[in-house]
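Colleague:
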Amino acid sequence: MTQREVKKEEIILKAMEIFAKRGIDGTSIKDLAEYLGTTKSYFYFYFSSKDEIIFSIQKYIMDSAISHLKNLKGRNIPAAKKVEGWINWHFDALKENKTEVDFMYQAMFSKYVLKTKEKFKQEFRNMHGLYASLIADIVKEGQERGEFKNTSNSTLLASLMVGSLFSGIKLAYLGFMDVERIKKDVKKSILMMLGYEKV
């Protein structure tokens, strides 16, 4: 990474902290600059707007998830193990990367993020499309190997899997049930949906 990229990442991580603590809608560029211990002009040297920093944080988080999925997809292990690895990674983030999860939860309810999504619509589509397609590839691999007996469209199954996973994460985040119990139940329900017979 270049020195500029390193600085941008530092700002992304610190901005994520303040957004997670104070909320996205109620945090201004001035607040961000103060939290960084710098000036607004320093912030604007790296990011053109609040929109851009919010999108950059979301991209940073998605890039990490996509990188993990690519790694899983390339491993020489059963497709069911890849699905379990994908689920484990997300639930482990609840414990290990709480700031990221707090930020994403803030983003779900932010009016400001709705505007940001409009501005960066195509980039959002591309990120989420790649994420879903990697899951669909793992499902298809499991279907072709005979691990998954459900032969429905792999893209549709991937969408249902993502919905199930994030519903479980939301329950865990809000503290409705023990994280490990929810993780176990999500794994079981997703693998059953795929027609994996060793659940």
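For reference, each letter of the sequence shown is one residue, going 49 to 247 in this note's numbering.
Idealized CB from N, CA, C, for every residue including glycine.
Note that the structure is predicted; figures quoted are calculated from it, not measured.
Are the Cβ atoms of THR50 and ASP99 separated by less than 8 angstroms?
Modeller: Counted from its first residue, the sequence shown places residue 50 at position 2. Counted from its first residue, the sequence shown places residue 99 at position 51. Taking 8 angstroms as the Cβ cut-off, THR50 and ASP99 do not qualify as a contacting pair.
Colleague: From THR199 to GLN191, what does the alpha carbon distance come to, in whole angstroms?
Modeller: What you label residue 199 is simply residue 151 of the sequence shown in a count that begins at 1. What you label residue 191 is simply residue 143 of the sequence shown in a count that begins at 1. When rounded, the distance between both Cα atoms is 6 angstroms.
Colleague: Around the C-beta of LEU204, are 16 or more other C-beta atoms found within 10 angstroms, so that it is buried, or is it exposed?
Modeller: As a first step, residue 204 must be located in the sequence shown, where it is residue number 156. Exposed is the label assigned to LEU204, since fewer than 16 other Cβ atoms lie within 10 Å of its Cβ.
Colleague: Starting from LEU239, trace the alpha helix (DSSP H) in both directions and tell me its first and last residue.
Modeller: Residue 239 sits at position 191 when you count from the first residue of the sequence shown. That run of the alpha helix (DSSP H) goes 227 to 241.
Colleague: Which stretch, first to last residue, makes up the alpha helix (DSSP H) that contains SER97?
Modeller: The count along the sequence shown starts at 1 and reaches residue 97 at position 49. No alpha helix (DSSP H) holds SER97; DSSP gives it neither H nor E.
Colleague: For ARG108, I'd like the list of residues in its chain whose CB is within less than 6 angstroms of its CB, leaving aside the five on either flank, ordered along the chain.
Modeller: Position 60 of the sequence shown holds residue 108. Reading off the sequence shown, one finds Tyr at residue 108, where the question assumed Arg. The answer, listed in chain order, is ILE60.
Colleague: Whose C-alpha, out of ILE72, LYS78, ARG229, is nearest the C-alpha of VAL277?
Modeller: Only positions 49 to 247 of the chain appear in this structure, which leaves residue 277 out of reach.
Colleague: At 4 residues or longer, what runs of the alpha helix (DSSP H) sit wholly inside the segment 135 to 197?
Modeller: If we require 4 residues or more, the alpha helix (DSSP H) runs fully inside the segment 135 to 197 come out as 146 to 157, 159 to 167, 169 to 192.
Colleague: Judging by CA-CA distance, which residue of TYR83, HIS176, ALA206 is the nearest neighbour of VAL131?
Modeller: For the purposes of this step, residue 131 is taken as the residue at position 83 of the sequence shown. The candidate whose alpha carbon is nearest that of VAL131 is ALA206.
Colleague: Short of 6 angstroms in beta carbon distance, which residues of its chain neighbour THR147, apart from the five on each side in sequence? Order them along the chain.
Modeller: For the purposes of this step, residue 147 is identified with residue 99 of the sequence shown, where counting begins at 1. Only MET64, GLU65, ALA68 meet the Cβ criterion.
Colleague: Can you find the residues in the same chain that come closer than 8 angstroms, C-beta to C-beta, to TYR94, ignoring five residues on each side of it along the sequence?
Modeller: Taking the first residue of the sequence shown as 1, we reach residue 94 at position 46. Here the set comprises ARG52, LYS55, LYS56, ILE59.
Colleague: On a CA-only basis, which of LEU84, GLU228, LEU182, LEU208 is nearest GLY122? Give me that one, please.
Modeller: Translated into positions along the sequence shown, residue 122 becomes position 74. Of the candidates LEU84, GLU228, LEU182, LEU208, the one whose C-alpha sits nearest the C-alpha of GLY122 is LEU182.
Colleague: Is it the case that the Cβ atoms of VAL234 and LEU213 are separated by a distance below 8 angstroms?
Modeller: Counting from 1 along the sequence shown, the entry for residue 234 is found at position 186. Counting from 1 along the sequence shown, the entry for residue 213 is found at position 165. The answer is yes: Cβ separation under 8 angstroms.
Colleague: Measure how close the beta-carbons of ILE238 and LEU142 come, nearest whole angstrom, since I'm counting them as under 8 angstroms.
Modeller: Indexing the sequence shown from 1 puts residue 238 at position 190. Indexing the sequence shown from 1 puts residue 142 at position 94. Actually they are not in contact, since the Cβ atoms of ILE238 and LEU142 sit about 17 angstroms apart, beyond 8 angstroms.
Colleague: Which residues does DSSP list as the beta-bridge partners of TYR244?
Modeller: For the purposes of this step, residue 244 is taken as residue 196 along the sequence shown, with counting starting at 1. Answer is PHE196, bridged to TYR244.
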